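Chemist:
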Amino acid sequence: MRDDRAPERLLGSQFLEKNESYRIFKQDVNGRIHTHWHDFFELGYILSGKGVHMVNGEPFPLGRGMVFLLTTADFHEIVPDEGETIHLYNMIFKDSWVMPELAEKMFEREAPHVYTLYDEDAERMRREFSGIWEESREERFGKEWLVRGSLERVLILLTRRCLPAAGISTARDSASDRHPSIRKALVYLQHHFREQVTLGSIAAYAGLSANYFSECFHKQTGISFQEYVSEKRLLFASALLGSTRLAITEICYASGFNTIPHFEKSFKRKYGLSPRDYRKRIGSERKT
């Protein structure tokens with residue numbers, strides 16, 4: 001299911017007023033929402049309808065009870081099944097609205113944040129979104145506090161679904177055993193790897209000297225900071241190559257690379273093919 005259009009980058013300034021931190025919508029989707037990404041977080045809950053949700057090039061069956069969280073590093077599209085209308089709550093908010101402690105725990109999981117809830121869990125989630133919707137319909141004292149509290153409850157409930165799997169790990173370098181500053185840096189890099197992040201800037205963000213940060217990062221992840229960022233960018237680029245017709249030059253820059261030669265050399269070293277040949281191979285595999 002490849003999108004023939006160039007992905008659009010949506011900006012918070014298109015949807016949020018200067019003094020707004022969030023906005024919630026009730027939407028009816030009866031046609032394809034083409035591949036796009038944004039500079040804000042997006043949280044959705046499906047009330048009814050069926051289709052496919054493509055997140056970073058990976059398809060997820062879409063239906064009642066699905067919850068998804070998208071960050072500034074994700075791209076996605078929604079394709080309703082033929083004759084279906086998808087009804088959903090859709091909330092957008094600034095990443096600063098997520099408590100750092102919650103973000104660290106939630107984003108230990110690097111897989112797409114897509115969940116399908118059933119029965120009591122689905123009803124509880126529906127009530128949370130309904131409460132946010134009702135609270136947001138008019139200006140009242142404490143509105144943002146209540147909405148932010150509901151948002152945090154939703155994110156905590158989703159994070160709890162990941163904790164059992166994370167909790168059974170006994171590896172020395174598991175996410176929970178990492179140096180707090182490295183955990184903080186990894187969460188930041190998940191959402192900002194496409195930007196021009198330097199060793200000095202991320203070390204300062206983590207509160208460490210560049211040399212000590214570099215040493216700790218390599219020890220606890222097994223690769224250097226530069227290798228980690230390059231790996232994230234290449235994975236992002238490969239997903240764009242496989243799921244869109246975006247020009248290779250645009251994919252290079254959208255993924256965070258500064259020059260085409262460096263991008264192509266790095267890509268071929270990882271995948272054994274040039275970006276163009278990789279796209280051709282993915283296309284032929286889908287036809288067979």
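Per full-length UniProt numbering, the sequence shown starts with residue 1, numbered consecutively.
For glycine and all other residues, C-beta sits at the position ideal for the given N, C-alpha and C.
For clarity, every value in this text was computed on a predicted model and none was experimentally measured.
1. Output the distance between the C-alpha atoms of I56 and S243, rounded to the nearest integer angstrom.
2. Please say whether M66 and T35 have beta carbons closer to each other than 8 angstroms?
3. Under a three-way DSSP split, which group does S224 fall into?
4. So, is F236 buried or exposed, given that buried needs 16 or more other C-beta atoms within 10 angstroms?
5. DSSP state of E77, grouped into three classes?
6. W37 lies in the beta strand (DSSP E); which residues open and close that run?
7. Grab me the residues of I86's own chain with a C-beta within less than 6 angstroms of its C-beta, minus the 5 sequence neighbours each way, in chain order.
8. Can you tell me where the alpha helix (DSSP H) with S255 in it begins and where it stops?
9. Rounded to whole angstroms, what is the Cα-Cα separation between M99 and F15?
10. Once DSSP output is grouped into helix, strand and coil, what is the label at E8?
11. Closest to R178 by CA distance: which of E104, N19, G63 is it?
12. For the ligand HEM, is there any heavy atom lying closer than 7 angstroms to the beta carbon of P261?
13. Less than 8 angstroms between the beta carbons of K232 and L189, yes or no?
14. Going by beta carbon distance, what residues of the same chain come within less than 8 angstroms of L88, once the five residues before and after it are set aside?
15. Roughly how many whole angstroms lie between the Cα atoms of N258 and R9?
16. Does the distance from the CB of D74 to the CB of W97 come in under 8 angstroms?
17. Helix, strand or coil for E17, going by three-state DSSP, please let me know.
18. Looking at Y205 and I92, is the spacing between their C-beta atoms short of 8 angstroms?
19. Taking D95 as the reference, give the member of E84, I156, G12 with the closest Cα.
20. For N30, does the three-state DSSP call read helix, strand or coil?
21. Out of R140, S214, G83, R161, point me to the one whose CA is closest to A185's CA.
22. What separation, rounded to the nearest whole angstrom, lies between the Cα atoms of N240 and R126?
23. Less than 8 angstroms separating the beta-carbons of Y278 and S230?
Modeler: With the structure as the only source:
1. First, the amino acid is wrong: residue 56 is Asn here, not Ile. Cα to Cα, N56 sits roughly 8 angstroms from S243.
2. no
3. coil
4. buried
5. strand
6. 33-38
7. V29, G49, G51, P80
8. Here S255 belongs to no alpha helix (DSSP H), and DSSP marks it neither H nor E.
9. 22 angstroms
10. In the three-state reduction of the DSSP assignment, E8 falls in the strand class, which pools E and B.
11. E104
12. Ligands in the displayed structure: none, and consequently the ligand HEM is not present.
13. yes
14. K26, Q27, V29, G44, Y45, I46, L47, G49
15. The straight-line gap from Cα to Cα measures roughly 19 angstroms.
16. no
17. coil
18. no
19. G12
20. coil
21. S214
22. The question names Asn, but residue 240 is Leu in the sequence shown. Cα to Cα, L240 sits roughly 32 angstroms from R126.
23. no
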